[in-house]
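Here the structure is laid out as structure tokens; the discussion comes afterwards.
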DNA sequence: TATAGGATTCTCT
DNA sequence: GAGAATCCTATAC
């Protein structure tokens, strides 16, 4: 018998730790997105760590800007950015305030509100693809820049909360190179996932884009 | 099934 | 003006 996931929100202290401790510990946790149409819940299966100013792959590497200012704030908040002209991706800020570390949420399994997620992800061929990839995850949950800076530890009044869920034992977590990160930052094996989970996104090395 | 290339707009240099 | 923590579709095999 598998114990039901713990529905207690994660505390600020959970996120106020080194990003490489927080990232693997997020696997199996439950993200709750409350929308006017109803809640959507997602069990995290894949994340990536970004270590602020020390990490060439991080948006915060070149210092604080208007775009990344949330990353420099209090841990436990949500950093949402817009990329490639059409997609949003979301991070959870962690580590001490000012360090600008964060965990990119790359993939997960929709465990509640799949109908609402399907309406947003019409191109998904099956439910495993609803949140298979960081931009797909944000799309399925209806996350955009309006949620940038949301406190994910605030409890049921917040549009976005992370619950204790069912943490994945450390010896069952796999790690490897981060996806799509160019330059020296790409070498860090800071991508963490639950092995053999069908919702984990395929690894894609960084490919430079050409303009026409 | 694998791979290549286009889409589209924000952000920073 | 260049590049971006990506995704989707068409094409080739």
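Numbering (the UniProt record's numbering), first residue to last: 1 to 212. Ideal Cβ positions, reconstructed from N, Cα and C, are used throughout, including at glycine.
Legend entry - CA-to-CA distance, residue 121 to residue 136, given in whole angstroms: 8 Å
Legend entry - Whether residue 89 touches residue 103 by CB criterion (8 Å): no
Inset, instruction - Report buried or exposed for residue 119, applying the criterion of at least 16 other Cβ atoms within 10 angstroms of its Cβ. - result: exposed
Legend entry - residue 140 versus residue 43: straight-line alpha-carbon distance, rounded: Rounded to the nearest angstrom, the two C-alpha atoms are 13 Å apart.
Legend entry - Local conformation of residue 219 per DSSP, three classes: Because the chain here runs from 1 to 212, residue 219 falls outside it and cannot be looked at.
Legend entry - Cross-strand partners of residue 82 (DSSP beta bridge): 88
Legend entry - 7 Å Cβ shell around residue 47 - same chain, five flanking residues per side excluded: 23, 26, 27, 103, 104, 105, 106, 192
Inset, instruction - Determine the contact status of residue 41 and residue 112, defining contact as a CB-CB distance below 8 Å. - result: yes
Inset, instruction - Could you please give the first and the last residue of the uninterrupted alpha helix (DSSP H) stretch that includes residue 119? - result: Run containing residue 119: 114-120, per the alpha helix (DSSP H) assignment.
Inset, instruction - Using the DSSP secondary-structure output, state which residues sit across from residue 49 in a beta bridge. - result: 103
Legend entry - Of the residues 92, 179, 13, the one placed nearest residue 202, counting alpha carbons only: The option with the nearest alpha carbon to residue 202 is 179.
Legend entry - From 188, 198, 162, 184, residue whose alpha carbon lies closest to that of residue 49: Cα-wise, what sits closest to residue 49 is 188.
Legend entry - Buried or exposed by the 16-neighbour rule on C-beta atoms within 10 Å, applied to residue 1: So residue 1 counts as exposed.
Legend entry - Under 8 Å between C-beta atoms of residue 147 and residue 78: yes
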